[in-house]
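2 protein chains.
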Amino acid sequence: MESTDLRNAGLKVTLPRLKILEILESRATRHLSAEDIYKDLIQHDEDIGLATVYRVLTQFEQAGLVKRHHFEDGHAVFELDRGEHHDHMVDIESGKVVEFVSEEIERLQHQIAEKQGYDIVGHSLVLYVRPRGRAASGRRGSKP
Amino acid sequence: MESTDLRNAGLKVTLPRLKILEILESRATRHLSAEDIYKDLIQHDEDIGLATVYRVLTQFEQAGLVKRHHFEDGHAVFELDRGEHHDHMVDIESGKVVEFVSEEIERLQHQIAEKQGYDIVGHSLVLYVRPRGRAASGRRGSKP
DNA sequence: GTCAGTGCAAAGACTTTGCAGAACA
DNA sequence: TGTTCTGCAAAGTCTTTGCACTGAC
């Protein structure tokens, strides 16, 4: 089944590709960095290099199988592209990523771009959040 | 006047800092990369190293004088923080950056975060756009 | 058997850091 | 004068690339 996806993308069915696809499909965390995937492979005794992970992910991205995101932490994260567009919320304390969709925001975005004479080609919306009601890290009450 | 900003930030008033602040204030393009600023300094025969540019920008960021953004092109861009929040639209053909504000989107974002039990700490919204009505780069008509 | 794919190491882009000399207060 | 700053070069992080070998078809 995964092999079909690969063939459809014009990619040979190889072990590294299958394994990486499998990791992207099966992990609880759907947003993984190249390093995350690499470590996972190592732990499962797969002898696959980090360079290959990057190469495969880039190919998957070009084939439309995965999406690459750049949250503000320096490294890219990848997720399987299941077709349905969504935006992200990142819990800055736990690192957890929550997906959400807002038709209304999408609509407003198009409206805004249109007003300036543009068509939207893509967009990136990320909310950096913290569990409700908790104060800023290590502080109490109002600003110092 | 700029020197006051620096002193308020607890930074000594030095030539590199003044020059960099001046560039951020006076350039038509308000969103500059470290490299952009460095080149500008070189062109004006200022003998300031790239490392210093990065150091100064980081200090300015910590002092709240500038904001750092990561658009999808790999390198960070900096803009003077004038206090008023806004989001960005990047014309992928010209590289031009347009700022915009949408109270409505802001409101929706808070609503969405709240629904998940989160407070928003920060957010990043960037629209990648292309002048209206123009086909994808180098193409005509519908998809190939 | 061929050609795409892979591992490894080396290179690249962007950014940060260590240190000795220079400059602000 | 005493720190704080700066330039330079070296190191760091994340990612890509070159090359000879391996493996899919």
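Chains as they are written, first to last, in the working numbering: chain A, 1 to 144; chain B, 1001 to 1144. No residue lacks a Cβ here, since even glycine has one placed at the ideal position from N, Cα and C.
Where residue i falls, given that 16 or more other Cβ within 10 Å makes a residue buried
{"i": "Lys-12(A)", "result": "exposed"}
{"i": "Ala-113(A)", "result": "buried"}
{"i": "Leu-32(A)", "result": "buried"}
{"i": "Leu-1127(B)", "result": "buried"}
{"i": "Lys-115(A)", "result": "exposed"}
{"i": "Ile-1042(B)", "result": "exposed"}
{"i": "His-88(A)", "result": "buried"}
{"i": "Val-101(A)", "result": "exposed"}
{"i": "Asp-47(A)", "result": "exposed"}
{"i": "Asp-5(A)", "result": "buried"}
{"i": "His-1123(B)", "result": "buried"}
{"i": "Arg-139(A)", "result": "Bear in mind that the predicted position of Arg-139(A) carries a pLDDT of just 38, short of 50, making it too unreliable to give a figure here."}
Residue closest to residue i, alpha-carbon to alpha-carbon, out of the options
{"i": "Val-1081(B)", "options": "Asp-1047(B), Leu-1021(B), Leu-1127(B), Val-1053(B)", "result": "The sequence given here places Asp at residue 1081(B); Val does not occur at that position. The residue with the shortest Cα to Cα distance from Asp-1081(B) is Leu-1021(B)."}
{"i": "Gly-1064(B)", "options": "Gly-1083(B), Tyr-1054(B), Thr-1052(B)", "result": "Gly-1083(B)"}
{"i": "Ile-120(A)", "options": "Gln-109(A), His-44(A), Ala-34(A), Gly-95(A)", "result": "Gln-109(A)"}
{"i": "Phe-1183(B)", "options": "Ala-1051(B), Arg-1017(B), Gly-1095(B)", "result": "No statement about residue 1183(B) is possible, as the shown extent of chain B runs from 1001 to 1144 and does not include it."}
{"i": "Lys-1125(B)", "options": "Gln-1116(B), Val-1090(B), Gly-1117(B), Arg-1132(B)", "result": "Looking at the sequence itself, residue 1125(B) is Leu, so the reference to Lys does not match. Closest option to Leu-1125(B), Cα to Cα, is Val-1090(B)."}
{"i": "Leu-50(A)", "options": "Glu-61(A), Ile-37(A), Gly-117(A), Gln-59(A)", "result": "Ile-37(A)"}
{"i": "Gly-1117(B)", "options": "Arg-107(A), Gly-133(A), Glu-106(A)", "result": "Gly-133(A)"}
{"i": "Thr-58(A)", "options": "Val-77(A), Asp-40(A), Glu-103(A), Ile-105(A)", "result": "Val-77(A)"}
{"i": "Val-97(A)", "options": "Ala-28(A), Lys-39(A), Glu-2(A)", "result": "Ala-28(A)"}
{"i": "Leu-24(A)", "options": "Thr-14(A), Ala-9(A), Gly-10(A), Asp-40(A)", "result": "Asp-40(A)"}
{"i": "Ala-1009(B)", "options": "Lys-1019(B), Ser-1026(B), Asp-1045(B), Phe-1060(B)", "result": "Phe-1060(B)"}
{"i": "His-44(A)", "options": "Gln-62(A), Lys-19(A), Val-53(A)", "result": "Lys-19(A)"}
For residue j and residue i, believed in contact at Cβ under 8 Å, the rounded distance
{"i": "Ile-1092(B)", "j": "Arg-1130(B)", "result": "6 Å"}
{"i": "Val-1056(B)", "j": "Pro-1016(B)", "result": "6 Å"}
{"i": "Glu-35(A)", "j": "His-69(A)", "result": "At roughly 15 Å, the Cβ-Cβ gap does not stay under 8 Å, so Glu-35(A) and His-69(A) are not in contact."}
{"i": "Glu-99(A)", "j": "His-86(A)", "result": "4 Å"}
Reduced DSSP category for residue i - H, G, I as helix; E, B as strand; rest coil
{"i": "Asp-1091(B)", "result": "strand"}
{"i": "Glu-22(A)", "result": "helix"}
{"i": "Leu-961(B)", "result": "Residue coverage of chain B in this structure runs from 1001 to 1144, which leaves residue 961(B) outside it and unanswerable."}
{"i": "Leu-15(A)", "result": "helix"}
{"i": "Arg-1132(B)", "result": "coil"}
{"i": "Glu-79(A)", "result": "strand"}
{"i": "Ser-137(A)", "result": "For Ser-137(A), the predicted structure reports a pLDDT of 48, less than 50, and the residue's modelled location is therefore unreliable. The matter cannot be settled from this model."}
{"i": "Pro-1144(B)", "result": "Annotation note: pLDDT 35 at Pro-1144(B) (below 50); position unreliable, coordinate value reported separately. DSSP places Pro-1144(B) in coil when its eight states are reduced to three."}
Worksheet item: Along the chain, which unbroken stretches of the alpha helix (DSSP H) at least 4 residues long are found entirely within the stretch 1024 to 1062 of chain B?
Response: Secondary structure in the stretch 1024 to 1062 of chain B: the alpha helix (DSSP H) runs of 4 residues or longer, each lying completely within the stretch, are 1034 to 1043, 1050 to 1062 in chain order.
Discussion item. To test your reading of the DSSP string, which unbroken beta strand (DSSP E) runs of 3 or more residues are found completely within the stretch 1093 to 1120 of chain B?
Written reply: Runs of the beta strand (DSSP E) inside the stretch 1093 to 1120 of chain B: 1097 to 1100.
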